[in-house]
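> Just dropping this structure here.
Chains as they are written, first to last, in our numbering: chain X, 1 to 176; chain V, 1001 to 1355.
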């Protein structure tokens, strides 16, 4: 296993949190992991991105400059990073916010209307988890059970009522 | 071993400081180190410790002088512009020979600069920074785990030598999360009978002071302190060798640059180029002997750093200019990619060569 994941979108879409879920699942499975957020003014309403490495081997740079999994949650992110993706890598993007096809033919591209699916199911703000479900399905990075177990750990005790919603969102994405 | 948890570098460092017995933290917020202050503000009241947000960086470092004078483990943290403000106080700490841990989570400079990661405070950290003849022990973590381990080490060295230790890290290591084991590190007790913590009428008063108007005396203080620095240079050098056994090219890099370099080294090795790395963990004392030894073996060095080229001068001095030293650098908050390091490795590979 050697995943170099880049999740990118607007600040406020839960980019960092979904990255945290991935990193935590990796940790739980005793993989080497790193999680690096963009920080500073970018977070405040601008673009946000998050680099995650999950690997069987020791991780060198925590910065993902050539991802093999790109998750794009807005158009500027897809346009900015599409060409950086490794050949045969994965691109998963939110088609409710990005009205565009992936131009590259040497990658595994898939789309999901994550924001729409989230709001249709009363899960506003959980498009990040919907798309994460789709990422799992496409990449087979982790099983559904593994990621749910990890969410149970990441969701703070005070916000346990959100646990069910997060799980539901992931399942919707996974079964899409 | 303690269970591994995911933690940000800044937070792991703060927790380690508390575990190392630091009950006094004085700071002032600045990106990208604010998590240290925020973490301390949450934790310190719970352990009966002191968290104090001073009115400025200058006030904060002077409060560190006060805490340390009373014999307690004292710490402050900031990022580049804030460290410049603290430099006067750091010089006073040096003059008074007071132990303290100072953390610099570097950002791009000079001036107010930016908020993205940088290593351009290398000169400031390793050559003094403030006025007068003094050195800091400078530790450069390259992972979240090392943020923990070197915090313990930093406090220990500070107490052991009545020195100031600086942890010189950067925005990336501070902001990233990695699995970390919050193990207790070295917890030695050192004699602090010099502390000004009240005589209770039972002993002569202690005086902690950096002022002497007697030039002979002041000279002697400096000579004595440099004797101590010699012992530290002899005994406390730390570095990591990575794939150096058969290396023909030696990268020298610390912190985040060493992490990026590792990717480039793995790729270069795949392409048949024998490259390794010496990663200084102590930037002062600098691993001069290890580098000089490597100079007899390799054909070139590459200094990989996030500055216009600062550490490269120490590399050249250490190897007595026996071999060429190339520079692979980005600055202002930009981080080099593994590909950029790889290109520099290929350039170094053409040097001298086997022709």
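Glycine residues also receive a C-beta, built at the ideal position from the N, C-alpha and C atoms.
Rounded to whole angstroms, what's the CA-CA distance from residue 1191 of chain V to residue 1322 of chain V? Just pull it up for me.
So the alpha carbons of these two residues sit roughly 44 Å apart.
> Using a C-beta cutoff of 8 Å, does residue 994 of chain V count as contacting chain X?
Residue numbering for chain V in the displayed model covers 1001 to 1355; residue 994 of chain V lies beyond these limits and cannot be assessed.
> Buried or exposed, going by whether 16 or more other CB atoms sit within 10 Å of the CB of residue 1213 of chain V?
Exposed.
> Below 8 Å between beta carbons is the criterion; list the residues of the segment 1093–1123 of chain V that meet it against any residue of chain X, in chain order.
Residues 1115, 1116.
> Within 10 Å of its beta-carbon, does residue 1131 of chain V have 16 or more other beta-carbons around it, so buried, or fewer, so exposed?
The residue is exposed, with fewer than 16 neighbouring Cβ atoms inside 10 Å.
> Using DSSP bridges, identify the partner residues of residue 1164 of chain V.
Residue 1164 of chain V pairs with V:1100.
> May I ask which residues mark the beginning and end of the beta strand (DSSP E) holding residue 110 of chain X?
Counting along the chain, the beta strand (DSSP E) containing residue 110 of chain X begins and ends at 108–112.
> How many angstroms separate the CA atom of residue 145 of chain X from the CA atom of residue 51 of chain X?
Rounded to the nearest angstrom, the two C-alpha atoms are 23 Å apart.
> If contact means a Cβ-Cβ distance below 9 Å, which residues of the segment 1263–1275 of chain V contact chain X?
So the close ones are 1263, 1264, 1265, 1266.
> CB residue 4 of chain X to CB residue 62 of chain X, shorter than 8 Å?
Not in contact: residue 4 of chain X and residue 62 of chain X (Cβ atoms no closer than 8 Å).
> Distance cutoff 8 Å, beta carbons only. Does residue 89 of chain X sit that close to anything in chain V?
No, its Cβ sits nowhere closer than 8 Å to a Cβ of chain V.
> Quick check: is the beta carbon of residue 1088 of chain V nearer than 8 Å to any beta carbon in chain X?
Cβ-Cβ to chain X under 8 Å: no for residue 1088 of chain V.
> Going by CA-CA distance only, name the one from X:54, X:169, X:174, X:98 that's closest to residue 126 of chain X.
Closest by alpha carbon: X:169.
> If you draw a straight line from the C-alpha of residue 1056 of chain V to the C-alpha of residue 1049 of chain V, how long is it?
Straight-line Cα distance between these residues: approximately 20 Å.
> Can you give, in chain order, each stretch of the beta strand (DSSP E) that sits fully within the segment 1259–1322 of chain V and has at least 3 residues?
Within the segment 1259–1322 of chain V, the complete beta strand (DSSP E) runs of at least 3 residues are 1275–1280, 1282–1284, 1300–1305.
> In chain X, what lies closer than 9 Å to residue 1164 of chain V by C-beta?
Within chain X, no residue comes near residue 1164 of chain V; the closest Cβ sits about 28 Å away, beyond 9 Å.
> Could you check what DSSP says for residue 1334 of chain V in three-state terms: helix, strand or coil?
Residue state, collapsed to three classes: coil.
> Given that a residue counts as buried once 16 or more other Cβ atoms are within 10 Å of its Cβ, and exposed if not, what is residue 1163 of chain V?
Flag for residue 1163 of chain V reads buried.
> Hey, is residue 62 of chain X's beta-carbon within less than 8 Å of any beta-carbon in chain V?
Yes - at least one Cβ of chain V is within 8 Å of the one on residue 62 of chain X.
> If distances are taken between C-alpha atoms only, which option among V:1167, V:1022, V:1185 comes closest to residue 1281 of chain V?
Comparing Cα positions, the closest option is V:1167.
> Just to confirm, is the Cβ distance from residue 1345 of chain V to residue 1249 of chain V under 8 Å?
Against a cut-off of 8 Å, the Cβ pair of residue 1249 of chain V and residue 1345 of chain V comes out as a contact.
> Along the chain, where does the beta strand (DSSP E) that runs through residue 37 of chain X open and close?
Per DSSP, residue 37 of chain X belongs to the beta strand (DSSP E) from 32–37.
> Considering only C-alpha positions, which residue in the set X:74, X:69, X:10 is nearest to residue 99 of chain X?
The residue with the shortest Cα to Cα distance from residue 99 of chain X is X:74.
> Could you name the residues of chain X that residue 1011 of chain V contacts, counting a contact when the two beta carbons are closer than 8 Å?
Going along chain X, no residue has its Cβ under 8 Å from residue 1011 of chain V, so there is no contact; the nearest lies around 13 Å.
> Below 7 Å, is the gap between the Cβ of residue 1031 of chain V and the nearest heavy atom of the ligand ATP?
As presented, the structure is devoid of all ligands, the ligand ATP included, so that no description of it is given.
> When burial is assigned at 16 or more other CB atoms within 10 Å of the CB, is residue 1011 of chain V buried or exposed?
The residue is buried, with at least 16 neighbouring Cβ atoms inside 10 Å.
> Nearest to residue 1021 of chain V by CA position, among V:1275, V:1097, V:1184, V:1070, is which residue?
It is V:1184.
> May I ask you to list, following chain order, the residues of the segment 19–42 of chain X that have a beta carbon less than 7 Å from some beta carbon of chain V?
Against chain V - using a Cβ distance shorter than 7 Å - the residues of the segment 19–42 of chain X are 23, 24, 27, 33, 34, 35, 36, 37, 39, 40.
> Quick one, which residues of the segment 1167–1191 of chain V are near chain X if we go by CB-CB under 8 Å, in chain order?
Hits within the stretch, in order: 1171, 1172, 1175, 1176, 1177, 1178, 1179.
> Going by DSSP, name the residue or residues bridged to residue 1240 of chain V.
In the DSSP output, where bridge partners are listed per residue, residue 1240 of chain V has V:1279.
> Taking only the alpha-carbon atoms, compute the straight-line gap between residue 165 of chain X and residue 103 of chain X and give it to the nearest angstrom.
Using only the alpha carbons, I get a separation of about 34 Å.
> So what's residue 1129 of chain V in DSSP terms, helix, strand or just coil?
Here residue 1129 of chain V sits in coil by DSSP.
> For residue 1004 of chain V, would you say it is in contact with chain X, using Cβ-to-Cβ distances shorter than 8 Å as the test?
It does; some Cβ of chain X falls within 8 Å.
> Taking three-plus beta-carbon pairs below 8 Å as touching, is the segment 1103–1120 of chain V in contact with the segment 1325–1338 of chain V?
Short answer: they touch.
> For residue 1314 of chain V, collect the residues of the same chain with a Cβ closer than 6 Å to its Cβ; drop the 5 residues on either side in sequence, then sort them by chain order.
The residues are 1286.
> Could you name the residues of chain V that residue 55 of chain X contacts, counting a contact when the two beta carbons are closer than 9 Å?
Those within 9 Å of residue 55 of chain X in chain V number zero; the least Cβ separation is about 12 Å.
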